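Input: a single structure, listed below in structure tokens.
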Amino acid sequence: MIEVELRAFVDSVTYNRLLGAFGIAKEHTRQVTYYLDTKVDTRIQVSTRGGRVWQKLGKMHADAREEYELVLTQAEARTMRALFANLGFGVKVAWFRERSLFQLGDIVWTVDDTIGYGKIVEAELLVDESAVEGARIKLQNAFAKLGIAIPEKVVFDEAYKQYLLTWETLTQGLDETWVEALGA
């Protein structure tokens, strides 16, 4: 399956509007996601609801990428992080994100607040390779209905480059125990 996703940075007003408009979240979590320093985009996540390890093939911030994923428990995700570290794979960057996930029809929407990075809305469809362009158009139309402009890829590329340089300062004092403080 191919993951087709579009995303946009949003301001606080739009962020709160979307949380209200989408209704009750299917999931509300805190996540720490580690991008490993590997040739293939490999990530490990520890979340209030468990964990996962996954890889995305293709170019960062592309609309459509092949993805491989293993869903794990929180303890298994921590073990996977240790195993990769023991193999010499360090952490390139870590993201501390509070996420609300909504299923509206066949579109999965996430509304994120990532410490030091910003507020983001993302829509995703999983499709066969032959349906990628139709899925992209469907997502563009969904964003347009919400009145949200999808930025050029360079906006996310530049924000990512900046975050890579500053994430350790922006998230200083945070560790995986942050995920457990949801609702505290």
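Numbered according to the numbering used here, the sequence shown spans residues 1007 to 1190.
We put the beta carbon where it would ideally sit given N, CA and C, even for glycine.
In this text, all values refer to a predicted model and were calculated from it rather than measured experimentally.
How would you write the range of the alpha helix (DSSP H) that residue i sits in, first residue to last?
i     : result
K1062 : Not the alpha helix (DSSP H): K1062 falls in the beta strand (DSSP E), residues 1056-1062.
A1148 : 1138-1152
A1083 : 1080-1092
Between residue i and residue j, is the Cβ-Cβ spacing less than 8 Å?
i     : j     : result
A1083 : I1121 : no
E1033 : R1055 : yes
L1188 : T1035 : yes
S1106 : L1025 : yes
A1070 : V1138 : yes
G1125 : H1067 : Checking the sequence, you will find Lys at residue 1125 rather than Gly. Cβ atoms of K1125 and H1067: not closer than 8 Å.
V1097 : D1043 : yes
A1165 : F1108 : no
Between which two residues does the beta strand (DSSP E) holding residue i run?
i     : result
W1184 : Per DSSP, W1184 belongs to no beta strand (DSSP E) and is neither H nor E.
E1164 : Per DSSP, E1164 belongs to no beta strand (DSSP E); it is in the alpha helix (DSSP H), 1159-1176.
E1009 : 1008-1016
G1124 : 1124-1133
F1028 : Here F1028 belongs to no beta strand (DSSP E), and DSSP marks it neither H nor E.
T1116 : 1113-1120
T1039 : 1033-1042
K1065 : It is not in any beta strand (DSSP E) - K1065 carries neither H nor E in the DSSP assignment.
F1102 : 1097-1110
Rounded to a whole number of angstroms, what is the C-alpha to C-alpha distance between residue i and residue j?
i     : j     : result
F1102 : R1058 : 15 Å
L1145 : D1047 : 24 Å
G1029 : E1073 : 28 Å
L1093 : K1045 : 14 Å
L1215 : V1052 : Outside the modelled stretch of the chain, which goes from 1007 to 1190, sits residue 1215, for which no answer is possible.
K1147 : A1091 : A small correction: the amino acid at residue 1147 is Asn; Lys does not occupy that position in the sequence shown. In a straight line, the C-alpha of N1147 is about 42 Å away from that of A1091.
Y1123 : V1077 : 25 Å
Could you round the C-beta distance between residue i and residue j to whole angstroms and report it? I think they count as a contact, below 8 Å.
i     : j     : result
E1128 : R1023 : That pair is no contact at about 16 Å.
T1177 : A1100 : 6 Å
V1185 : Q1037 : 7 Å
E1009 : E1104 : E1009 to E1104, Cβ: 22 Å. No contact.
Assess contact between the segment 1154-1162 and the segment 1086-1093, defined as three or more Cβ pairs (one per stretch) separated by less than 8 Å. Is contact present? no
Can you confirm whether the segment 1015-1034 touches the segment 1066-1085 when touching is taken to mean that 3 or more C-beta pairs between the two stretches lie within less than 8 Å? no
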